[in-house]
Amino acid sequence: MTAQQALSYQGRYAGAASRLASFVIDLILSAGVFCVALAAISYGAQVITGNLVSWNRSTPVVAALFAVWELLYFGFSWATSGRTPGMALFGLRVVRTDGAVLDPRHATIRTLVFPFSFLFLGLGFLGIFVQREHRALHDLAAGSAVIYSWTVYAPGAGQKV
Amino acid sequence: MNPRDRLTSAGRRWTDPAEALAQQVTERIVDLVVGALDVNELVARVDVNAIISRVDIDAVLQKIDLNAVLSQVDVNDLAQRIDVTSLVEKADIGAIVAQSSGGMAREGVDAVRCRTAELDQVIDRGIRYLLRRKGPEPPPLPPMEAEPVQAEPVQAEPVQAEPVQAEPVQAGP
């Protein structure tokens, strides 16, 4: 792997493997944070009320809270930096179709449409495979695209290329 | 008193002041000579390389019995004299370790990114083959400008655009 090879990817449209890997990382991370938050709330409630509070995944309240948390996690990440932690790990970034920074309005649209991509066995994600610019349903709706974008350093020198 | 001793005593009475005088004169002459000498010019005239080239270092080293020299060195005493703590503080090993491990982690992450990007390309080629899609890939978007600069940037080689083959214009009949 050379810096030149890494440079050659910059600005190109990201494919299915990178996007799936970053999504899995985000899912693990966000679910972990959610579980920790629930445990903290349970502990706090137990200390205050003296009653044991337990959460069940099948409870509609927990499911709704989780859905809201996921929307906040992805929406806030895309609106502020154009990338979630998982995307940052794999060097991906959400941008406008002309390469501009994704503004909060389009990030919100992308976040709201994102759950619909899961409908019908994830039909909305088919665009990542078949569309020339690998744009899924939520990308088409928000006028966005996912590209490779990370800082490339010369090996061993610690210098940005 | 022995006449011989008397003679010696009389001789010393003359020789001692003369010796002291000679000593003073000699010291004065040496001072004048040394003061008059330009040592820098003298050193500049000396061809040190020529002198060193004449020295047979191998022969000198062969004459030295290193084992005998080393056997006389008390290594434990030498090691005890070394202030390891101050050496470590001066070396700032923490920064060196952090820098090297940070560089390794960065290169590792870069490698993972490139591998997944390669996998993306493999999948993309397969899809293109299945869909029998032809034509070039869409051009890359301009890189983001909001990347943080952590070191002096190195000028990247410019990406050359593929030449477009112009179709010949045929003249009318």
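As they're listed, the protein sequences go chains A and B.
Here the numbering used here is used: position 56 in the first sequence is 55, and no number is missing along the way.
Take the position in the second sequence, starting the count at 1, then add 1194; the result is the number in the numbering used here.
All C-beta atoms, glycine included, are put in the ideal place defined by N, C-alpha and C.
If you compare the alpha carbons of A:A30, A:L88, A:F75, A:F128 with that of A:L64, the shortest gap goes to A:A30. Neighbours of B:I1317 in chain A, taken as residues at a C-beta separation under 8 Å, are given in chain order as G14, A15, A16, F128. As summarised for the segment 75-155 of chain A, the continuous alpha helix (DSSP H) elements at least 4 residues long and confined to that stretch are 84-88, 103-112, 118-121, 125-129, 136-141, given in chain order.
A straight line joining the alpha-carbon of B:G1205 with that of B:D1199 spans about 10 Å. With a threshold of 9 Å between beta carbons, B:R1327 makes contact with chain A. Cβ-Cβ distances below 7 Å link A:G81 to R92, V93, V94, V100, L101 in the same chain, with the five nearest sequence neighbours on each side left out; the list follows chain order.
The beta-carbon separation of A:A15 and B:C1308, rounded to 16 Å, does not stay under the 8 Å limit for a contact. B:I1290 has a beta carbon lying at 9 Å or more from every beta carbon in chain A.
If you look at B:W1208, you'll find it in the alpha helix (DSSP H) that goes 1197-1230. At a cut-off of 9 Å between beta-carbon atoms, A:Y8 makes contact with chain B.
A:A20 and B:A1292 have their C-alpha atoms spaced approximately 28 Å apart. B:A1299 counts as exposed, since fewer than 16 other C-beta atoms from the protein chains shown sit within 10 angstroms of its C-beta. Nearest CB-CB separation between A:V94 and chain B: below the 9 Å threshold.
Residue environment for A:F89: buried (at least 16 other C-beta atoms within 10 angstroms of its C-beta).
With the rule of 3 Cβ pairs closer than 8 Å, the segment 44-54 of chain A does not count as touching the segment 110-120 of chain A. A Cβ-Cβ contact shorter than 9 Å links A:I127 with A:A135. Sequence-distant Cβ neighbours of A:G49 in its own chain, meaning closer than 7 Å and more than five residues away, do not exist here. Going by beta carbons, A:V145 and B:I1321 fall outside the 9 Å limit. Judged by DSSP secondary structure, A:G31 falls within the alpha helix (DSSP H) whose first and last residues are 15-48.
With respect to the 9 Å criterion, B:A1311 and A:R11 are classified as neighbours on the basis of their beta carbons.
Between the C-alpha atoms of B:Q1315 and A:G43 there is a straight-line separation of about 49 Å.
Secondary structure in the segment 1255-1315 of chain B: the alpha helix (DSSP H) runs of 4 residues or longer, each lying completely within the stretch, are 1260-1266, 1269-1275, 1278-1285 in chain order. Taking CB atoms only, A:F89 has a neighbour in chain B less than 9 Å away. With a contact defined as Cβ atoms closer than 8 Å, A:A39 and A:G74 miss out at about 23 Å.
Counting of Cβ neighbours within 10 angstroms places A:W149 among the buried residues, the total reaching 16 or more.
According to DSSP, residue pairing for A:Y12 in a beta bridge involves A:I146. The contact set of A:A78 on chain B, defined by CB atoms closer than 9 Å, is empty, because the minimum CB distance reaches about 14 Å. Assigned with DSSP and collapsed to three states, B:G1320 falls in helix.
Between the alpha carbons of B:A1212 and B:Q1218 lies a gap of roughly 10 Å. Distance from the CA of B:L1324 to the CA of A:L125, rounded to the nearest whole angstrom, comes to 14 Å. Distance from the Cα of A:A36 is smallest, within the candidate group A:I24, A:V61, A:R18, for A:V61.
No Cβ of chain A is located within less than 9 Å of the beta carbon of B:D1286. For the C-beta of A:I146, the chain B residues within less than 7 Å are, from N- to C-terminus, L1335.
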